[in-house]
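First comes the structure, then the notes that go with it.
Right under this line is the structure:
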């Protein structure tokens, strides 16, 4: 498994984006596929409040006009009660990298824009680390309340998979 693209934890500015039961239920970051590859998992930098129940999933989306559009792949759900509890505010928030695995790898195409999201449908709040200080990732952060809206932050994430082979050799049977 190779790291395909990321916006690393070193970019975390202390900015938290909350997924809560009363409003925002999804957060996504768009990215341009750097190569043909099969996506196998994604890590997000997350914590929770003490009241969180249920599971959380990651989803890979196609994009339309730059924003998330159709779901292409959904990870196996992770029980949110296993996340660390948020401890204050700032760079020592007790966030952890949590890996979400896609049961079937999904093929992405070099140069195509996709969105990777974290989604919940449960009680309590999930916090996602992001860069709200001086975001430099070449994609756009989106959040979902009743539709997708963009924001200036960039989510911390690591996207993993297998890069497609570029070996174009052919077999010739010389008799």
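Residue numbers (this note's numbering): 11 to 185. We put the CB at the ideal spot given by N, CA and C, even for glycine.
Sequence-distant residues of its chain with Cβ nearer than 7 Å to residue i (five each side left out)
i, result
"residue 150", "40, 76, 160"
"residue 47", "14, 118, 171, 172, 173, 174"
"residue 89", "65"
Neighbourhood of residue i by C-beta, 8 Å cutoff - its chain only, sequence neighbours within 5 removed
i, result
"residue 50", "11, 111, 112, 115, 170, 171, 172"
"residue 45", "14, 120, 173, 174"
"residue 63", "90, 91, 132, 133, 134"
Beta bridge counterpart(s) of residue i as assigned by DSSP
i, result
"residue 223", "Residue 223 lies beyond the residue range present for the chain, which begins at 11 and ends at 185; the question has no answer from this structure."
"residue 67", "129"
"residue 139", "26"
"residue 13", "170"
"residue 73", "78"
Endpoints, beta strand (DSSP E) assigned at residue i
i, result
"residue 96", "Unbroken run through residue 96: none, as it is neither H nor E."
"residue 166", "Per DSSP, residue 166 belongs to no beta strand (DSSP E) and is neither H nor E."
"residue 160", "158-161"
"residue 78", "77-84"
"residue 151", "151-154"
"residue 28", "25-29"
"residue 40", "36-42"
Three-state secondary structure assigned by DSSP to residue i
i, result
"residue 181", "Any reading at residue 181 must be qualified, since the residue scores a pLDDT of 40, below 50, and its modelled position is unreliable; the value itself is stated next. Residue 181 falls in the coil class under three-state DSSP."
"residue 174", "coil"
"residue 60", "coil"
"residue 122", "coil"
"residue 18", "coil"
"residue 45", "coil"
"residue 117", "strand"
Own chain residues within Cβ distance below 6 Å of residue i, not counting five before or after
i, result
"residue 142", "23, 25, 163"
"residue 42", "123"
"residue 36", "127, 129, 154"
"residue 34", "153, 155"
"residue 31", "133"
"residue 137", "26, 28, 57, 96"
"residue 186", "In the structure displayed, the chain extends from 11 to 185; residue 186 sits before or after that span and is not available."
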